[in-house]
Amino acid sequence: MIPFDQYARHDDSRMFEWIDGALELLPSLSRAQERIRDLLLELLGEYVEMSGIGLVIPAPFAIRMPEEMRRGREPDLLFIPNEFVETVQESYVNSHGVGLVVEITDARNRRLDRVEKFRDYQLAGIPEYWIIDVDRREASFFVMTRRRYVRVMPDETGYYHSRALKGFAFAPAALWS
Numbered sequence: 000m001i002p003f004d005q006y007a008r009h010d011d012s013r014m015f016e017w018i019d020g021a022l023e024l025l026p027s028l029s030r031a032q033e034r035i036r037d038l039l040l041e042l043l044g045e046y047v048e049m050s051g052i053g054l055v056i057p058a059p060f061a062i063r064m065p066e067e068m069r070r071g072r073e074p075d076l077l078f079i080p081n082e083f084v085e086t087v088q089e090s091y092v093n094s095h096g097v098g099l100v101v102e103i104t105d106a107r108n109r110r111l112d113r114v115e116k117f118r119d120y121q122l123a124g125i126p127e128y129w130i131i132d133v134d135r136r137e138a139s140f141f142v143m144t145r146r147r148y149v150r151v152m153p154d155e156t157g158y159y160h161s162r163a164l165k166g167f168a169f170a171p172a173a174l175w176s
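If you're matching positions, the sequence shown starts at 0 in numbering that gives the first Met the number 0 and goes up one per residue.
See the structure below:
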């Protein structure tokens, strides 16, 4: 058994998650996943910086889930609104301070992102969750409504309007071009 604080201090460049006191190694990102992560990091990072609304952090960086869940998740990207920036630790943030989580998935970790992490992020009350599937060329967006995730589709022009990032919209189809 490894305590969360020890997990959070790991300085390995590989990505791990902390599940019931054990470390689980995550698959490294494929080149397609890295390309999309970098594009989203640039888009979100620039918007958040220009708007002055918080902080965008890429992996490796952990989310400490509520204590009773005994989990530390490591998403590909996360957004922390201004009101919680002061709660950010060196290598993690508590789940209540997270406004948006982005997972960039493929066949190797689709079940993890669509089932297990979906459940955990929903139980933790994270307001918005994006799943970008590079193999299927599909973007799924979920927002918290009455303690459950509800899928939200892009508008009639193909733009998705984020709830967590007020005023931010983008065309998911651009991720594949």
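All C-beta atoms, glycine included, are put in the ideal place defined by N, C-alpha and C.
Which same chain residues end up closer than 8 Å to residue i when comparing Cβ atoms and leaving out the 5 residues on each side of it in sequence?
| i | result |
| --- | --- |
| aspartate 119 | Met64, Met68, Arg70, Arg72 |
Please return the same chain residues whose Cβ sits closer than 7 Å to the Cβ of residue i, not counting the five positions on each side in sequence.
| i | result |
| --- | --- |
| alanine 58 | Met14, Glu73, Pro74, Asp75 |
| leucine 22 | Ile1, Tyr6, Phe15 |
| alanine 106 | Asp134 |
| threonine 86 | Val92, Asn93, Gly96 |
| alanine 163 | Phe78, Gly98, Leu99, Pro126, Glu127 |
Decide if residue i is buried, meaning its Cβ has at least 16 other Cβ atoms within 10 Å, or exposed.
| i | result |
| --- | --- |
| glutamine 32 | buried |
| tryptophan 17 | buried |
| aspartate 112 | buried |
| proline 26 | exposed |
| arginine 36 | buried |
| aspartate 132 | buried |
| serine 139 | buried |
| threonine 144 | exposed |
| valine 47 | buried |
| threonine 156 | exposed |
| glutamate 102 | buried |
| serine 186 | The question about residue 186 has no answer here: the residues shown for the chain are numbered 0 through 176. |
| serine 161 | buried |
| leucine 24 | exposed |
| lysine 190 | The requested residue 190 does not occur in the structure, where the chain is confined to residues 0 to 176. |
| alanine 61 | buried |
Residue i by DSSP, collapsed to three states: which one?
| i | result |
| --- | --- |
| tyrosine 158 | coil |
| phenylalanine 135 | The sequence given here places arginine at residue 135; phenylalanine does not occur at that position. The answer is coil: DSSP assigns arginine 135 none of H, G, I, E or B. |
| methionine 68 | helix |
| phenylalanine 167 | coil |
| isoleucine 35 | helix |
| phenylalanine 3 | helix |
| arginine 13 | coil |
| arginine 63 | strand |
Here's a check: name, in chain order, each residue in its chain whose Cβ is nearer than 6 Å to the Cβ of residue i, leaving out the five neighbours to either side.
| i | result |
| --- | --- |
| phenylalanine 141 | Tyr128, Tyr148, Arg150 |
| phenylalanine 83 | Gly96 |
| leucine 77 | Ile56, Val97, Val100 |
| proline 80 | Gly53, Gly98 |
| glutamine 121 | Tyr148 |
Per DSSP, residue i is paired with what?
| i | result |
| --- | --- |
| leucine 40 | BP columns for leucine 40 are empty, so no partner. |
| arginine 150 | Phe141 |
| leucine 25 | Its beta-bridge partners do not exist; DSSP assigns none. |
| glycine 53 | Pro80 |
Note down, one range per segment and in chain order, each beta strand (DSSP E) of at least 3 residues found wholly within the segment 74-129.
-> 76-80, 91-93, 99-104
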